[in-house]
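So the structure is just underneath, and the comments pick up after that.
Protein chains: 2
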Amino acid sequence: MKVLVAEKCGFCHGVENAINIAEKVLSREKDVYSLGQIIHNGDEVERLARAGLKTVENIEEIRSGTVLIRSHGAAPEQIARLREKGINIVDATCVLVKRVQYIAEELERDGYKVVIIGDENHPEVRAVMGCVRDVVVIADESDLHKFAENDRLGIVCQTTLSPDFVGKILGAIGRRSFSELKVINTLCKEAIKRQDSAVQLCKQVDVMFVLGGLKSANTRRLAELCKKYNDQTYHLQNWNELDKRMLLGKNMAGVTAGASTPAWIIAEFVKNLEAFDGGG
Amino acid sequence: MKVLVAEKCGFCHGVENAINIAEKVLSREKDVYSLGQIIHNGDEVERLARAGLKTVENIEEIRSGTVLIRSHGAAPEQIARLREKGINIVDATCVLVKRVQYIAEELERDGYKVVIIGDENHPEVRAVMGCVRDVVVIADESDLHKFAENDRLGIVCQTTLSPDFVGKILGAIGRRSFSELKVINTLCKEAIKRQDSAVQLCKQVDVMFVLGGLKSANTRRLAELCKKYNDQTYHLQNWNELDKRMLLGKNMAGVTAGASTPAWIIAEFVKNLEAFDGGG
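Quick mapping for you: the protein sequence lines, in order, are chains A and B. Using the numbering used here, you'd call the opening residue of the first sequence number 1 and step up by one each time. Using the numbering used here, you'd call the opening residue of the second sequence number 1001 and step up by one each time.
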């Protein structure tokens, strides 16, 4: 099988940084926790677990040692509780995510009703929500009723959304009655480059594979975008999930991967795919 | 013919105010000018011309006397030139239009690139353009190339646009790369009420008449909106323009009018229409 890999894919700077920090801390300490999965990639989480990283969902589960704040960040209230318990904190929050938190706080200070465009169940969004007193999360147009008409809205967005989606929601907000909108673009440019490069690639191939965790928002976004232009698009976690029938009659495959997908997963997948001979 | 008149239509507060001021000035002075048509309604302009109001297109044509600044406003540079010439100025600019001018100035002071959503040939927009040093006017999506990506945009809109149109343009801007948008809603609520009431009415009738000047932006907007929901929509200036064929087979007519359409035009039209018996 001929395989083309997207020009931009795999670990972004924020994820790479979090993994590097985790490895450094694990090399010198024993009792190391991650509050929630350090990145949304099961394979990488498992690899770090073997190196000693304990993933917990609640602060209550941490009694002592060091806790890593993952790239998605944590709410100030969580940080305060960790401090109270005397836990050592190592912050691996992505700088772009941290920026969203600061901006949300500033918008609220300036009297805006803070609006986050994104998924309220995603840890990045939850952490931003925790930075302000009053907040509305807009996942799609059906959420617009959540703020009053004529509000002064201070709008940020989850870093991994696509510009198209943000435009769609801004258009829908603009059609309603509002007094003022202040929108700070908090999209990650790396994520946009990955999206553009995935879309470009998927149009040239018979089948497109998007590699990454099923909970990874940016990977899911890549898969959604590719699906629009190539219905032979599959979101897989790794080579083990490949069903050979996906390759039936295909000559050219494209591969991209989310920002939390480690290089070794991509390399393994590409190697096996190149070696595959379906007689297509 | 059964005739229903839109709940909200005809003169808005701004236009009424400008006409009242014009009549007051004309009653006590002889040499009275309007810089451009005082409102976009030929019939009313003619009526005021008979009362002595001279409409001129250029400041050069005014040598002495009093000049009325129409409801659409004038650029500061024009006001300054009138002052230099020692002309007496009576300002009849609509307060909502004046507000757009102040906001545009403030946005520029705050470092935003000023964007006006609207028609750059409309006097209201031209006056706002004259209040800032650097400005981009967006009439539709094809104008978006006019500002650089990653600009901090301070956005206002022509007061008589529809929320739907503003939403569409904001959506298109949001899809592009920008660093910050500050959007102040400068739509006229009266104009929106007229739009809503016209749309509601046009859905109930066999034929819809939108009365008002052909240059009147808000009247044209009403006609566009009604046309969407009722293809038997006609934009007419007055009863003389009615073609009887428009009424063939129709039992129920709707009438609305722009914010610059005087009550006497509407009353005359409705009276004649009610008296019309096409045997429909």
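Glycine included, every Cβ here is placed at the ideal spot set by N, Cα and C.
Taking residue i as the reference, which of the options has the closest Cα?
{"i": "K1098(B)", "options": "G1258(B), G1014(B), A1267(B), I1265(B)", "result": "G1014(B)"}
{"i": "Y229(A)", "options": "L201(A), H40(A), A75(A)", "result": "L201(A)"}
{"i": "D277(A)", "options": "K250(A), V210(A), L225(A)", "result": "K250(A)"}
{"i": "A1139(B)", "options": "S1162(B), A1253(B), R1133(B)", "result": "S1162(B)"}
{"i": "F1209(B)", "options": "V1270(B), D1134(B), E1057(B), A1092(B)", "result": "V1270(B)"}
{"i": "D1368(B)", "options": "L1082(B), I1062(B), K1189(B), V1132(B)", "result": "Given a span of 1001 to 1280 for chain B in the structure shown, any question on residue 1368(B) remains unanswerable."}
{"i": "L1211(B)", "options": "A1253(B), F1178(B), E1180(B), K1182(B)", "result": "A1253(B)"}
{"i": "I87(A)", "options": "E105(A), E141(A), V67(A)", "result": "V67(A)"}
{"i": "D1164(B)", "options": "F1147(B), I1192(B), K1146(B)", "result": "I1192(B)"}
{"i": "A1018(B)", "options": "H1040(B), L1004(B), V1003(B)", "result": "H1040(B)"}
{"i": "K85(A)", "options": "N20(A), I69(A), R63(A), L96(A)", "result": "R63(A)"}
Using 7 Å as the limit for Cβ to Cβ distance, is residue i near chain A?
{"i": "F1147(B)", "result": "no"}
{"i": "R1175(B)", "result": "yes"}
{"i": "F1178(B)", "result": "yes"}
{"i": "K1182(B)", "result": "yes"}
{"i": "F1269(B)", "result": "no"}
Check the C-beta distance from residue i over to residue j and give it rounded, since I have them as a contact under 8 Å.
{"i": "V1115(B)", "j": "I1155(B)", "result": "5 Å"}
{"i": "K1168(B)", "j": "G171(A)", "result": "6 Å"}
{"i": "A1198(B)", "j": "T1256(B)", "result": "4 Å"}
{"i": "V1077(B)", "j": "G1036(B)", "result": "Note on identity: in this sequence residue 1077(B) is Glu, with Val being the wrong assignment. With 8 Å as the limit, E1077(B) and G1036(B) do not qualify as a contact, their Cβ atoms being about 15 Å apart."}
{"i": "G65(A)", "j": "V32(A)", "result": "6 Å"}
{"i": "A1267(B)", "j": "F1011(B)", "result": "Not quite, the Cβ-Cβ distance comes to about 12 Å (not below 8 Å), so this is no contact."}
{"i": "I1074(B)", "j": "A1127(B)", "result": "A quick correction: the sequence has Ala, not Ile, at residue 1074(B). The Cβ separation is near 5 Å, so the contact holds."}
{"i": "Q237(A)", "j": "G258(A)", "result": "With a Cβ gap of about 10 Å, Q237(A) and G258(A) do not count as contacting."}
{"i": "A92(A)", "j": "A22(A)", "result": "7 Å"}
{"i": "Y1112(B)", "j": "R1083(B)", "result": "Their Cβ separation, rounded to whole angstroms, is 29 Å, which puts Y1112(B) and R1083(B) out of contact at 8 Å."}
Go through its chain and collect everything with a Cβ distance to residue i's Cβ below 6 Å, but skip five positions before and after it.
{"i": "R1220(B)", "result": "none"}
{"i": "I1184(B)", "result": "I1103, V1156"}
{"i": "N1272(B)", "result": "W1239"}
{"i": "N1150(B)", "result": "S1177, S1179"}
{"i": "L1248(B)", "result": "none"}
Any idea what DSSP makes of residue i, helix, strand or coil?
{"i": "F165(A)", "result": "helix"}
{"i": "C1131(B)", "result": "coil"}
{"i": "T1261(B)", "result": "coil"}
{"i": "N1121(B)", "result": "coil"}
{"i": "G42(A)", "result": "helix"}
{"i": "I62(A)", "result": "coil"}
{"i": "V1156(B)", "result": "strand"}
{"i": "Y1112(B)", "result": "coil"}
{"i": "K1098(B)", "result": "helix"}
{"i": "A22(A)", "result": "helix"}
{"i": "V1056(B)", "result": "strand"}
{"i": "A172(A)", "result": "helix"}
{"i": "T1233(B)", "result": "strand"}
{"i": "K244(A)", "result": "helix"}
{"i": "K182(A)", "result": "strand"}
{"i": "T1219(B)", "result": "helix"}
{"i": "L187(A)", "result": "coil"}
{"i": "G249(A)", "result": "coil"}
{"i": "I87(A)", "result": "coil"}
Between which residues of its own chain and residue i is the CB-CB distance below 7 Å, once the five residues before and five after are set aside?
{"i": "V1290(B)", "result": "Within the shown structure, residues of chain B are numbered from 1001 to 1280, placing residue 1290(B) beyond reach of any answer."}
{"i": "Q1232(B)", "result": "D1206, V1207, M1208"}
{"i": "M246(A)", "result": "V207, Y234"}
{"i": "E1060(B)", "result": "none"}
{"i": "E1105(B)", "result": "C1131, V1132"}
{"i": "E1274(B)", "result": "M1001, V1003"}
{"i": "Y1042(B)", "result": "One point to set straight first is that residue 1042(B) is Gly, not Tyr, in the sequence displayed. Excluding positions up to five away in sequence, the list reads G1213, Q1237."}
Could you confirm whether any beta carbon from chain B is found closer than 7 Å to the beta carbon of residue i?
{"i": "N185(A)", "result": "yes"}
{"i": "G171(A)", "result": "yes"}
{"i": "G167(A)", "result": "yes"}
{"i": "P163(A)", "result": "yes"}
At least one CB of chain C closer than 7 Å to the CB of residue i: is that the case?
{"i": "D1196(B)", "result": "Of the protein chains in the structure, A and B, none is chain C."}
Which residues in the same chain as residue i place their Cβ atom closer than 8 Å to its Cβ, once the five residues preceding and following it in sequence are excluded?
{"i": "A1125(B)", "result": "Looking at the sequence shown, residue 1125(B) is not Ala but Val. Only I1116, G1118, D1119, V1137, Q1158 meet the Cβ criterion."}
{"i": "L1144(B)", "result": "I1138, A1172, I1173, R1176"}
{"i": "D1195(B)", "result": "Before going on, a small fix: residue 1195(B) reads as Gln here, not Asp. Contacts found: S1162, R1221, L1222, L1225."}
{"i": "L26(A)", "result": "V32, L48, A51, G52, L53"}
Taking only heavy atoms of the ligand ATP into account, decide whether any of them is closer than 6 Å to the Cβ of residue i.
{"i": "N185(A)", "result": "Ligands displayed in this structure: none; no statement on the ligand ATP is therefore possible."}
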